[in-house]
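Reminder that position 5 of the sequence shown reads as 7 in the working numbering, one-by-one numbering, no gaps.
Where a beta carbon is used, it is the ideal one built from N, C-alpha and C, also for glycine.
These notes concern the structure reproduced below.
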Amino acid sequence: MNRFAGKSVLITGAAGGFGRRAAERFADEGARLVLSDLSADRLEQLAAGLRRGGAEVAVEPGDVCQESTAQRLVEAALSAYGRLDVAVNNAGMMHPFRKLPEVDSGLAEKVLAVNLTGVFYALKHQLPAMERQGGGVILNMASVAGLVGAPLLSVYAAAKHGVVGLTKTAAAEYARRNIRVNALCPSFADTAMVHDELAQMRGGPDEALARVLGAIPMRRLASVDEVVGAMLTLCGPESAFVTGVALPVDGGLSAV
Ligand SMILES: NC(=O)c1ccc[n+]([C@@H]2O[C@H](COP(=O)([O-])OP(=O)(O)OC[C@H]3O[C@@H](n4cnc5c(N)ncnc54)[C@H](O)[C@@H]3O)[C@@H](O)[C@H]2O)c1
Numbered sequence: 003m004n005r006f007a008g009k010s011v012l013i014t015g016a017a018g019g020f021g022r023r024a025a026e027r028f029a030d031e032g033a034r035l036v037l038s039d040l041s042a043d044r045l046e047q048l049a050a051g052l053r054r055g056g057a058e059v060a061v062e063p064g065d066v067c068q069e070s071t072a073q074r075l076v077e078a079a080l081s082a083y084g085r086l087d088v089a090v091n092n093a094g095m096m097h098p099f100r101k102l103p104e105v106d107s108g109l110a111e112k113v114l115a116v117n118l119t120g121v122f123y124a125l126k127h128q129l130p131a132m133e134r135q136g137g138g139v140i141l142n143m144a145s146v147a148g149l150v151g152a153p154l155l156s157v158y159a160a161a162k163h164g165v166v167g168l169t170k171t172a173a174a175e176y177a178r179r180n181i182r183v184n185a186l187c188p189s190f191a192d193t194a195m196v197h198d199e200l201a202q203m204r205g206g207p208d209e210a211l212a213r214v215l216g217a218i219p220m221r222r223l224a225s226v227d228e229v230v231g232a233m234l235t236l237c238g239p240e241s242a243f244v245t246g247v248a249l250p251v252d253g254g255l256s257a258v
């Protein structure tokens with residue numbers, strides 16, 4: 003498929019698990035990329051590989067907690083490619099598994115800033131740019147923790163519920179401007195980060211994994227490609243009438 007041929011696609015958190023794979027798959031389908039993350043080094047490595055494969059890639063490191071980053075990323079897309087067709091607001095972070103009163107307050111502010119305020123800043127600068135060019139597509143990375151309660155992840159869940167609220171509202175405000183805004187809500191994927199988190203939980207990694215899988219009707223973790231595949235589908239032309247959706251990719255977790 004070549005669904006994104008010539009399209010200008012911005013991805014934040016591009017050096018991480020989902021972001022990196024999304025960059026590869028958008029590039030495979032012809033996209034011209036602006037990649038952002040905290041670390042310039044990891045981005046440059048990723049960009050070098052993608053360029054060897056023939057992709058056009060601009061790298062723009064930055065912290066999504068700063069509003070100036072959101073503005074700079076939109077400007078980078080406009081200056082490199084003249085437009086911003088697709089924005090994937092994917093940067094995010096969890097906090098350690100803790101009951102709510104045990105979550106450090108400073109860390110809670112950081113988790114809200116990265117996961118929620120960062121998406122607000124992104125939308126604030128992406129929507130007007132897309133409106134000026136006549137349309138666009140935005141995908142916000144939420145989580146199944148944005149749809150249902152997530153024991154031991156209270157502040158992360160609050161932030162991701164907030165992302166769903168921003169997504170639905172922005173979708174309604176900009177539907178007549180030809181801008182689609184959706185959120186993706188994965189449960190845990192089979193990544194190093196998730197296994198590291200599970201290792202910190204009560205009873206150790208195997209027992210923790212068994213507890214997590216017990217809540218998932220399909221009784222397994224998502225693969226990174228299953229999550230990223232849904233990401234591309236929501237951004238692609240086959241989803242032209244889909245907006246304001248918070249799509250679970252969760253093996254049935256939120257259905258029961
Ligand atoms: N991994 C999962 O199972 C899972 C499940 C549901 C939702 N999510 C969400 O998917 C998104 C990507 O997760 P992932 O698994 O690829 O995680 P990851 O940790 O591998 O990647 C996240 C990336 O975001 C970047 N980042 C963190 N803080 C940032 C900041 N302030 N400014 C800019 N970049 C920053 C990190 O450097 C990292 O490269 C996140 O929003 C996460 O909450 C992940």
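Residue i: CB within 7 Å of a non-hydrogen atom of ligand 1
i, result
"Ala93", "yes"
"Phe20", "yes"
"Leu227", "For the sequence presented, residue 227 should be read as Asp rather than Leu. No - ligand 1 has no heavy atom lying nearer than 7 Å to the Cβ of Asp227."
"Asn4", "no"
"Ala49", "no"
"Phe190", "yes"
"Ser41", "yes"
"Asn117", "yes"
"Ala17", "yes"
"Ser145", "yes"
"Met195", "yes"
"Val61", "no"
"Asp208", "no"
"Val36", "no"
"Thr169", "no"
"Asp65", "yes"
"Thr235", "no"
"Thr245", "no"
Top-ranked residue by Cα proximity to residue i, from the options
i, options, result
"Arg23", "Thr245, Leu234, Gly164, Tyr83", "Leu234"
"Arg178", "Met95, Ala60, Gly137", "Gly137"
"Gly18", "Ala161, Asn184, Arg44", "Arg44"
"Val76", "Val113, Ser38, Ala201", "Ser38"
"Glu69", "Ala42, Ser107, Gln128", "Gln128"
"Leu86", "Val36, Glu62, Gln202, His197", "Val36"
"Ile13", "Ala7, Arg27, Asn4, Arg5", "Arg27"
"Met132", "Lys9, Asn4, Asp30", "Lys9"
"Val258", "Gly151, Val165, Ala194", "Gly151"
"Tyr176", "Lys126, Ala194, Leu223", "Lys126"
"Thr193", "Ala173, Gly64, Leu223", "Leu223"
Identity of the residues DSSP links to residue i by a beta bridge
i, result
"Asn91", "Asn142"
"Val59", "Leu35"
"Leu12", "Val36, Ala89"
"Ala248", "Ala185"
Supposed close pair residue i, residue j - CB separation, criterion 8 Å
i, j, result
"Leu168", "Val139", "15 Å between Cβ atoms; not a contact."
"Cys187", "Val251", "7 Å"
"Asn117", "Tyr158", "7 Å"
"Met143", "Asn92", "4 Å"
| request: Please list the segments of the beta strand (DSSP E) lying wholly inside the region 108-188, counting only runs of 3 or more residues, in order along the chain. | output: Whole beta strand (DSSP E) segments, 3+ residues: 138-143, 181-188.
| said: Suppose only complete runs of 4+ residues qualify. What are the alpha helix (DSSP H) ranges in the region 16-49, listed by chain order? | reply: Counting whole runs of 4 or more residues, the region 16-49 contains the alpha helix (DSSP H) stretches 19-30.
| task | With a floor of 4 residues, list each alpha helix (DSSP H) that falls wholly inside the region 184-237, ordered by position along the chain. | result | Counting only runs of 4 or more, we get 194-201, 206-216, 226-237.
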